[in-house]
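Reviewing the structure listed below.
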């Protein structure tokens, strides 16, 4: 499991492109028949993927890295499938997970297994795990069961729908908040005007992008902005002090996950457009 350490905003002001990407961008996240995990010291996320093709994959990491007897001994996890239909087994109970469906698994589940359904396109399970203090039940949600919010307009190139899966009024969790945002065709901007939320950090996974498409992900302090060039199925770690916005060469979808002081989706510190530099 790769470790990513927290960076002070004053240090980030001095980063070149290579250093910025090394600190905040997860480039090689999905691999066939592999469990890929990244441990971020920003709010103790574990970000990862499981792509079972020819074999089952078990959710496990070196136990010395988390100081626990098994992965979910003191953690919870949210999983979203970005590929073909697959199966996730949690302590022997199986859940069929299709594209853009979400499965939350709470603290105390000892064995999680990712499976490819024979004859189908391989699933691509993306997950985010955070520390937990209370056991909540395992819950599956299809996209039509998520709480939708339609925002933006074609005139500002940001017409989009936000689907909330794990949140205060949806799937219950200790601190994890998770969902998907889909941009309508012809729209390219997300989360602009920008904001920060000093009480929570965030992780973005961009997907459903053409091979030759990119998203310019805006980050940094509002008066010291930087950008990352992000491609399909790459993720960005966004500290609480950083804006997190993007513009693509075409429309795209992204999965967002938050953790920190609270679970209030609208707890944001807005940044006026004239304040951006």
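In full-length UniProt numbering, the protein residues as written are 1 to 277.
Ideal Cβ positions, reconstructed from N, Cα and C, are used throughout, including at glycine.
Pairwise C-alpha distance: residue j and residue i
i	j	result
residue 178	residue 58	22 Å
residue 91	residue 8	40 Å
residue 108	residue 138	11 Å
residue 213	residue 111	37 Å
residue 265	residue 56	35 Å
residue 136	residue 162	24 Å
residue 263	residue 132	13 Å
residue 11	residue 19	11 Å
residue 171	residue 69	26 Å
residue 221	residue 257	20 Å
Cross-strand partners of residue i (DSSP beta bridge)
i	result
residue 286	Nothing about residue 286 can be read from this structure; the chain reaches only from 1 to 277.
residue 181	162 and 254
residue 259	201
residue 126	49 and 80
Among the options, the one whose alpha carbon lies nearest that of residue i
i	options	result
residue 274	239, 46, 258 and 223	223
residue 115	190, 87, 131 and 83	87
residue 183	251, 89 and 28	251
residue 104	174, 51, 158 and 189	174
residue 22	3, 140 and 33	3
Presumed contact (8 Å Cβ cut-off) between residue i and residue j, rounded CB distance
i	j	result
residue 237	residue 61	Rounded, the Cβ-Cβ distance is 17 Å, inconsistent with contact.
residue 249	residue 208	About 13 Å separates the two Cβ atoms, so there is no contact after all.
residue 203	residue 215	Contact doesn't hold; Cβ gap of about 15 Å is too wide.
residue 338	residue 46	Shown here, the chain extends from 1 to 277; a query on residue 338 therefore has no answer.
residue 96	residue 85	7 Å
residue 165	residue 102	4 Å
Three or more C-beta pairs under 8 Å: does that hold for the segment 29 to 38 against the segment 52 to 65? yes
Spell out a yes or no on whether the segment 6 to 19 and the segment 71 to 78 are touching, meaning 3 or more CB-CB pairs, one atom from each, closer than 8 Å. no
Okay, do the segment 237 to 248 and the segment 186 to 200 touch, 3+ Cβ pairs below 8 Å being the bar? yes
Is there contact between the segment 145 to 159 and the segment 110 to 126, where contact requires at least three CB pairs shorter than 8 Å? no
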